[in-house]
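Trainee:
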Amino acid sequence: MENKLLTVVIPAYNSSSYLGKCLESLLVEDVMNDVEIIIVNDGSTDETLKIAELFRDKYPEYFVVVNKENGNYGSCMNAALRIAKGKYFRTLDSDDWFSKTEYIEFVHDLSLTDADMLMCERYIYYSAVDKMVKCSFESGVTKRKDLDIESVDWTYNSIKNNIFVNSICYKTDLIRKSGLQWTEKVFYSDNEYDYFPSKIAKTIRFVDIPVYVYWIGREGQSVGPDTLLKNYRSFQLVGTKILEDFLETADPKSNIYQYQKYLLVNHILQPIYIAFLSGKEPYVTFVNSIDMKVRTNALLMQEVENVISYSGIHFVRACKKNDKLKIILAKFLFKYIGNLSFANNVKQQVKKILGKL
Numbered sequence: 001m002e003n004k005l006l007t008v009v010i011p012a013y014n015s016s017s018y019l020g021k022c023l024e025s026l027l028v029e030d031v032m033n034d035v036e037i038i039i040v041n042d043g044s045t046d047e048t049l050k051i052a053e054l055f056r057d058k059y060p061e062y063f064v065v066v067n068k069e070n071g072n073y074g075s076c077m078n079a080a081l082r083i084a085k086g087k088y089f090r091t092l093d094s095d096d097w098f099s100k101t102e103y104i105e106f107v108h109d110l111s112l113t114d115a116d117m118l119m120c121e122r123y124i125y126y127s128a129v130d131k132m133v134k135c136s137f138e139s140g141v142t143k144r145k146d147l148d149i150e151s152v153d154w155t156y157n158s159i160k161n162n163i164f165v166n167s168i169c170y171k172t173d174l175i176r177k178s179g180l181q182w183t184e185k186v187f188y189s190d191n192e193y194d195y196f197p198s199k200i201a202k203t204i205r206f207v208d209i210p211v212y213v214y215w216i217g218r219e220g221q222s223v224g225p226d227t228l229l230k231n232y233r234s235f236q237l238v239g240t241k242i243l244e245d246f247l248e249t250a251d252p253k254s255n256i257y258q259y260q261k262y263l264l265v266n267h268i269l270q271p272i273y274i275a276f277l278s279g280k281e282p283y284v285t286f287v288n289s290i291d292m293k294v295r296t297n298a299l300l301m302q303e304v305e306n307v308i309s310y311s312g313i314h315f316v317r318a319c320k321k322n323d324k325l326k327i328i329l330a331k332f333l334f335k336y337i338g339n340l341s342f343a344n345n346v347k348q349q350v351k352k353i354l355g356k357l
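Using full-length UniProt numbering, the first residue of the sequence shown is number 1, and each one after it goes up by one.
(1) Could you tell me whether the stretch 250-264 touches the stretch 136-155, where touching means 3 or more Cβ pairs closer than 8 Å?
(2) DSSP three-state label for Ser15, please.
(3) Quick one: is Asn166 buried, meaning 16 or more other Cβ sit within 10 Å of its Cβ, or exposed?
(4) Taking Cβ to Cβ, would you say Ile279 is nearer than 8 Å to Lys331?
(5) Taking DSSP as the reference, what is the three-state secondary structure of Leu340?
(6) Does DSSP put Leu5 in a helix, a strand or coil?
(7) Can you round the beta-carbon distance between Ser189 and Val238 to whole angstroms, since I take them to be within the 8 Å contact cut?
(8) Is it the case that the Cβ atoms of Leu325 and Lys293 are separated by a distance below 8 Å?
(9) Evaluate Lys4 with the Cβ neighbour count: other Cβ atoms within 10 Å of its Cβ, from every protein chain shown; 16 or more gives buried, anything less gives exposed.
(10) I'd like the ranges of any beta strand (DSSP E) spanning at least 3 consecutive residues and lying wholly in the UniProt domain "Glycosyltransferase 2-like" (7-161).
(11) Using the Cα positions of Asp30 and Ile242, report the straight-line distance between them to the nearest angstrom.
(12) Classify Gly74 as buried or exposed, calling it buried when 16 or more other Cβ atoms lie within 10 Å of its own Cβ.
(13) Assign Lys171 to one of two classes, buried (16 or more other C-beta atoms within 10 Å of its C-beta) or exposed (fewer than that).
(14) Please classify Gly140 as buried or exposed, where buried requires at least 16 neighbouring CB atoms within 10 angstroms.
(15) Can you tell me whether DSSP reads Phe315 as helix, strand or coil?
(16) Quick one: what does DSSP say Arg295 is sitting in, helix, strand or coil?
(17) From the DSSP output, in three-state form, read off Asp245 for me.
(18) Compute the distance between the beta-carbons of Phe206 and Met119, then report whether it is under 8 Å.
(19) Nearest by alpha-carbon distance to Thr91: which of Ser111, Ile37, Tyr59 is it?
(20) Do you know offhand how far Tyr214's Cα is from Asp95's?
(21) When we look at the beta-carbon of residue 372 and count the other beta-carbons within 10 Å, is it buried (16 or more) or exposed?
(22) Since Tyr88 and Leu6 are thought to touch, with beta carbons under 8 Å apart, how far apart are those beta carbons, to the nearest angstrom?
(23) On the premise that Thr203 lies in contact with Asp116, defined as a C-beta separation below 8 Å, what is that separation, rounded to the nearest angstrom?
(24) Give me the Cα-Cα distance between Ser44 and Ala12, rounded to the nearest whole angstrom.
Laid out in structure tokens, this is it:
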């Protein structure tokens with residue numbers, strides 16, 4: 001397969017019930033000469049590999065199938081990066097999909113840019129209430145223009161809301177030069193993709209094309225404490241790796257510092273600190289060890305105290321002030337109302353908001 005403009009990587013594990021829809025969304029003839037799709041079967045025990053091979057056999061110049069033993073998300077990304085031929089690189093989860101019209105427009109825009117990093121608008125599909133929400137950039141954000149990354153105003157909420165793996169696209173060579181090696185056999189290593197290549201990016205482009213459709217509400221998804229605590233080891237490995245790099249290398253005088261700090265606090269430290277509310281070991285000891293590292297950086301600690309909360313309670317700040325009532329309340333909420341299924345949580349808490357759109 002010759003070099004392409006874009007590589008899209010789809011890690012897939014036991015995805016037979018929804019992989020077909022994902023791959024069907026990519027069947028757009030207008031882009032097939034410019035894009036390669038790498039499907040990485042992560043040791044699935046269902047029909048995932050068979051479905052991937054059916055698409056590959058029908059479109060051999062478009063789809064590439066990698067079959068490997070199970071190693072979780074990070075191992076899939078490492079395997080794909082080794083063989084990627086696209087100038088640009090982005091990911092697509094096997095339970096999500098691309099909007100076909102925007103897909104064509106996005107690939108065309110890629111032909112017009114040489115930016116190191118692209119941040120795109122996206123759709124979020126809430127299946128519990130059957131609503132599609134567009135995460136758009138505000139009018140003040142300069143769009144479809146290659147910008148010096150040091151000139152970006154990271155305070156726009158619409159930019160913060162798109163600091164996610166499903167909105168970010170990098171030059172493939174930039175990822176390789178960054179030395180990124182996703183942590184394997186853990187969850188949440190997608191945060192490494194958001195963080196490490198951005199450190200060496202010089203230019204960025206904000207693309208107001210929401211090609212990615214992120215599905216929230218699939219059965220089995222959860223934001224309850226059981227899931228959080230079950231996967232705490234992943235947070236420990238990935239979170240410690242990124243936190244230590246930030247403390248060692250992040251420069252407050254650099255503009256990208258604001259991006260890095262937001263990502264670290266909101267996407268990485270937030271779930272780690274929330275595990276403290278369980279009051280159980282080994283979570284409390286781990287959170288305390290992370291907190292000791294955070295407190296070596298005054299700017300970071302201030303952000304943690306101002307931002308991290310649970311059910312609206314800023315419990316890290318409460319711990320510092322020894323506000324026992326707030327701490328007790330946060331722990332109570334974590335224990336007794338945190339175990340709602342993701343779908344029910346969306347239905348109860350988001351329905352009112354979405355109904356106004």
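Even glycine gets a Cβ: it sits at the ideal position worked out from N, Cα and C. The structure displayed is predicted, hence computed values, not measured ones.
Mentor: A quick look at the data gives this:
(1) Touching, yes, given that three or more Cβ pairs across the two stretches are closer than 8 Å.
(2) Here residue 15 refers to the residue found at position 15 when the sequence shown is read from its first residue. Ser15 falls in the coil class under three-state DSSP.
(3) Numbered from its first residue, the sequence shown carries residue 166 at position 166. Here Asn166 is buried. Its C-beta has 16 or more other C-beta atoms within 10 Å.
(4) Working through the sequence shown from its first residue, we reach residue 279 at position 279. Working through the sequence shown from its first residue, we reach residue 331 at position 331. Here the sequence assigns Gly to residue 279, which means Ile is not the residue at that position. In contact: Gly279 and Lys331 (Cβ atoms closer than 8 Å).
(5) Within the sequence shown, the letter at position 340 stands for residue 340. Because Leu340 carries a pLDDT of 45, less than 50, the predicted location of this residue cannot be relied on, and the following value inherits that uncertainty. Here DSSP, grouped into helix, strand and coil, assigns Leu340 to coil.
(6) Indexing the sequence shown from 1 puts residue 5 at position 5. The answer is strand: DSSP assigns Leu5 an E or B state.
(7) Indexing the sequence shown from 1 puts residue 189 at position 189. Indexing the sequence shown from 1 puts residue 238 at position 238. With a Cβ gap of about 6 Å, Ser189 and Val238 count as contacting.
(8) Taking the first residue of the sequence shown as position 1, residue 325 is located at position 325. Taking the first residue of the sequence shown as position 1, residue 293 is located at position 293. Their beta carbons are not under 8 Å apart, which means Leu325 does not touch Lys293 by this criterion.
(9) Counting from one through the sequence shown, the residue named residue 4 turns up at place 4. By the beta-carbon neighbour count (other beta carbons within 10 angstroms, threshold 16), Lys4 is buried.
(10) Counting whole runs of 3 or more residues, the UniProt domain "Glycosyltransferase 2-like" (7-161) contains the beta strand (DSSP E) stretches 35-42, 63-68, 86-91, 117-126, 131-135.
(11) Within the sequence shown, numbered from 1, the residue matching residue 30 stands at position 30. Within the sequence shown, numbered from 1, the residue matching residue 242 stands at position 242. Rounded to whole angstroms, Asp30 to Ile242 spans 39 Å at the Cα level.
(12) As a working note, residue 74 is residue 74 in the sequence shown. Classification of Gly74: buried, given that the 10 Å Cβ count is 16 or more.
(13) Looking up residue 171 in the sequence shown gives position 171. Classification of Lys171: buried, given that the 10 Å Cβ count is 16 or more.
(14) Along the sequence shown, one-based indexing puts residue 140 at 140. Under this definition Gly140 is an exposed residue.
(15) Numbered from its first residue, the sequence shown carries residue 315 at position 315. In the structure shown, Phe315 sits in a helix (DSSP, three-state: H, G or I).
(16) Numbered from its first residue, the sequence shown carries residue 295 at position 295. Note: Arg295 maps to coil in three-state DSSP.
(17) Mapped onto the sequence shown, residue 245 falls at position 245. Here Asp245 carries a helix assignment [DSSP, helix/strand/coil].
(18) Translated into the one-based positions of the sequence shown, residue 206 becomes position 206. Translated into the one-based positions of the sequence shown, residue 119 becomes position 119. Yes; because the gap between Cβ atoms is below 8 Å, this pair is in contact.
(19) Here residue 91 is taken as the residue at index 91 of the sequence shown, counted from 1. Comparing Cα-Cα distances from Thr91 to each of Ser111, Ile37, Tyr59, the minimum goes to Ile37.
(20) Reading the sequence shown from its first residue, position 214 is the one you call residue 214. Reading the sequence shown from its first residue, position 95 is the one you call residue 95. Cα to Cα, Tyr214 sits roughly 8 Å from Asp95.
(21) Any question about residue 372 goes unanswered here, given that the chain covers just 1 to 357.
(22) Position 88 of the sequence shown, counted from the start, is the residue given in the question as residue 88. Position 6 of the sequence shown, counted from the start, is the residue given in the question as residue 6. Rounded, the Cβ-Cβ distance is 5 Å, consistent with contact.
(23) In the sequence shown, residue 116 corresponds to position 116, counting from 1. In the sequence shown, residue 203 corresponds to position 203, counting from 1. At roughly 5 Å, the Cβ-Cβ gap stays under 8 Å, so Asp116 and Thr203 are in contact.
(24) For the purposes of this step, residue 44 is taken as the residue at position 44 of the sequence shown. For the purposes of this step, residue 12 is taken as the residue at position 12 of the sequence shown. In this model, Ser44 and Ala12 are separated by some 8 Å (Cα to Cα).
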